[in-house]
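Asker: Just dropping this structure here.
What follows is the structure, given as structure tokens:
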């Protein structure tokens with residue numbers, strides 16, 4: 209049986225890319241920094257609230273060298289590799305390594321459904337653990353927690369109170385406060401103010417985040 213990566217794999221030096229663009233990082237501890245985003249095509253998950261479904265299909269094949277050339281042209285020191293689910297392409301791993309070797313501060317946005325053990329340890333992994341409203345909570349691979357570095361981060365996208373309670377239980381059950389934990393509201397269904405109130409009442413050592421890029425430019429690709 210082929211793995212999810214096989215469906216978007218052509219060679220050891222090529223990746224299928226949806227877009228490469230320069231913007232302001234809207235999430236994680238790098239929020240506000242000018243950042244070059246490398247969005248890989250393809251994802252084995254289908255979260256109900258996904259805002260990047262346009263990255264499920266299409267894209268163009270590019271070599272790692274060509275990706276690095278475009279990243280260099282944008283001039284930012286921060287690079288975010290995202291998707292889709294970037295780890296669904298095996299060539300993502302050497303791309304991350306090459307970006308680190310080039311001196312960038314590299315972050316990886318990943319669902320937590322695919323193994324992170326072989327990700328370059330210099331990369332800041334942002335593990336997006338899924339909750340019930342996403343429809344993909346069963347895909348969480350908690351073995352990935354054994355491969356997180358102190359600088360890595362965990363994100364929960366919260367759609368409603370049930371999601372919040374589930375996330376709070378996971379934080380406590382797995383000791384997730386060892387890392388920076390983010391709670392982010394689903395843009396269409398939960399107000400940031402309501403999520404902030406729940407977070408304050410919970411006593412969790414976790415942080416609220418909103419999607420800064422959506423506040424600035426709305427829900428548009430490539431910004």
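In this note's numbering, the protein residues as written are 209 to 431. Yeah, the Cβ is synthetic: ideal placement off N, Cα and C, and Gly gets one too.
Roughly how many whole angstroms lie between the Cα atoms of residue 211 and residue 259?
Answerer: Stepping through the chain shown from its first residue, residue 211 is reached at position 3. Stepping through the chain shown from its first residue, residue 259 is reached at position 51. No answer about residue 211 holds up, because its pLDDT of 40 lies below 50 and its placement is not dependable.
Asker: Any chance you could list the beta strand (DSSP E) runs of at least 3 consecutive residues sitting entirely within the region 298-343, in chain order?
Answerer: 313-318 and 332-337
Asker: Alpha carbon to alpha carbon, what distance is there between residue 301 and residue 312?
Answerer: Working through the chain shown from its first residue, we reach residue 312 at position 104. Working through the chain shown from its first residue, we reach residue 301 at position 93. Spanning the two alpha carbons is a distance of roughly 15 Å.
Asker: Per the DSSP calculation, residue 227 is bridged to which residue(s)?
Answerer: Looking up residue 227 in the chain shown gives position 19. Beta-bridge pairing links residue 227 to 247.
Asker: Opposite residue 232 in the DSSP bridges: which residues?
Answerer: One-based indexing of the chain shown puts residue 232 at position 24. Answer is 242, bridged to residue 232.
Asker: From what residue to what residue does the beta strand (DSSP E) around residue 357 run?
Answerer: Locating residue 357 in the chain shown gives position 149, counting from the first residue. Counting along the chain, residue 357 falls outside any beta strand (DSSP E), and DSSP gives it neither H nor E.
Asker: According to DSSP, is residue 252 part of a helix, a strand, or is it coil?
Answerer: Working through the chain shown from its first residue, we reach residue 252 at position 44. The answer is coil: DSSP assigns residue 252 none of H, G, I, E or B.
Asker: Taking the alpha-carbon positions, what's the residue 328 to residue 408 distance?
Answerer: For the purposes of this step, residue 328 is taken as the residue at position 120 of the chain shown. For the purposes of this step, residue 408 is taken as the residue at position 200 of the chain shown. One C-alpha to the other measures close to 35 Å.
Asker: Do you know how far the Cα of residue 284 is from the Cα of residue 278?
Answerer: Counting from one through the chain shown, the residue named residue 278 turns up at place 70. Counting from one through the chain shown, the residue named residue 284 turns up at place 76. About 11 Å.
Asker: Does the beta-carbon distance from residue 377 to residue 352 come in below 9 Å?
Answerer: Along the chain shown, read from residue 1 onward, the residue named residue 377 stands at position 169. Along the chain shown, read from residue 1 onward, the residue named residue 352 stands at position 144. No. Outside cutoff.
Asker: Cβ atoms of residue 280 and residue 308: under 9 Å apart, would you say?
Answerer: The residue labelled residue 308 in the question sits at position 100 within the chain shown. The residue labelled residue 280 in the question sits at position 72 within the chain shown. The answer is no: Cβ separation not under 9 Å.
Asker: Which value, in whole angstroms, describes the spacing of the CA atoms of residue 267 and residue 228?
Answerer: Along the chain shown, one-based indexing puts residue 267 at 59. Along the chain shown, one-based indexing puts residue 228 at 20. Taking the straight line from one Cα to the other gives about 11 Å.
Asker: In whole angstroms, what separates the C-alpha of residue 406 from that of residue 270?
Answerer: Reading the chain shown from its first residue, position 198 is the one you call residue 406. Reading the chain shown from its first residue, position 62 is the one you call residue 270. Whole-angstrom Cα-Cα distance: 44 Å.
Asker: Could you please give the first and the last residue of the uninterrupted alpha helix (DSSP H) stretch that includes residue 392?
Answerer: Here residue 392 corresponds to residue number 184 of the chain shown, with the count starting at 1. Looking at the DSSP string, residue 392 is not in any alpha helix (DSSP H); the run it does join, the beta strand (DSSP E), is 388-393.
Asker: Is the beta carbon of residue 293 sitting closer than 9 Å to the one on residue 343?
Answerer: Mapped onto the chain shown, residue 293 falls at position 85. Mapped onto the chain shown, residue 343 falls at position 135. No, Cβ-Cβ distance for residue 293 and residue 343 is not below 9 Å.
Asker: Comparing alpha-carbon positions, which option in 367, 357, 338 and 306 lies nearest residue 402?
Answerer: For the purposes of this step, residue 402 is taken as residue 194 along the chain shown, with counting starting at 1. Considering only alpha carbons, the answer is 367.
Asker: What is the rounded straight-line gap between the Cα of residue 305 and the Cα of residue 287?
Answerer: The residue labelled residue 305 in the question sits at position 97 within the chain shown. The residue labelled residue 287 in the question sits at position 79 within the chain shown. Cα to Cα, residue 305 sits roughly 12 Å from residue 287.
Asker: Please identify the residue among 387, 349 and 345 whose C-alpha is closest to the C-alpha of residue 358.
Answerer: Residue numbering aside, residue 358 sits at position 150 when the chain shown is read from its first letter. Cα-wise, what sits closest to residue 358 is 387.
Asker: At the level of alpha carbons, what is the spacing between residue 214 and residue 360?
Answerer: Here residue 214 corresponds to residue number 6 of the chain shown, with the count starting at 1. Here residue 360 corresponds to residue number 152 of the chain shown, with the count starting at 1. Caution is warranted here: a pLDDT of 42 is assigned to residue 214, below 50, making its placement in the model unreliable, and no coordinate value can be reported.
Asker: If the criterion is Cβ atoms closer than 9 Å, does the pair residue 380 and residue 253 meet it?
Answerer: The count along the chain shown starts at 1 and reaches residue 380 at position 172. The count along the chain shown starts at 1 and reaches residue 253 at position 45. Contact: no.
Asker: May I ask you to list the residues that DSSP assigns as paired with residue 268?
Answerer: As a working note, residue 268 is residue 60 in the chain shown. Looking at the DSSP assignment, residue 268 forms a beta bridge with 225.
Asker: Under three-state DSSP, which class holds residue 295?
Answerer: Position 87 of the chain shown holds residue 295. Three-state result, residue 295: helix.
Asker: Which first and last residues belong to the alpha helix (DSSP H) in which residue 379 is found?
Answerer: Looking up residue 379 in the chain shown gives position 171. From DSSP, the alpha helix (DSSP H) with residue 379 extends over 369-382.
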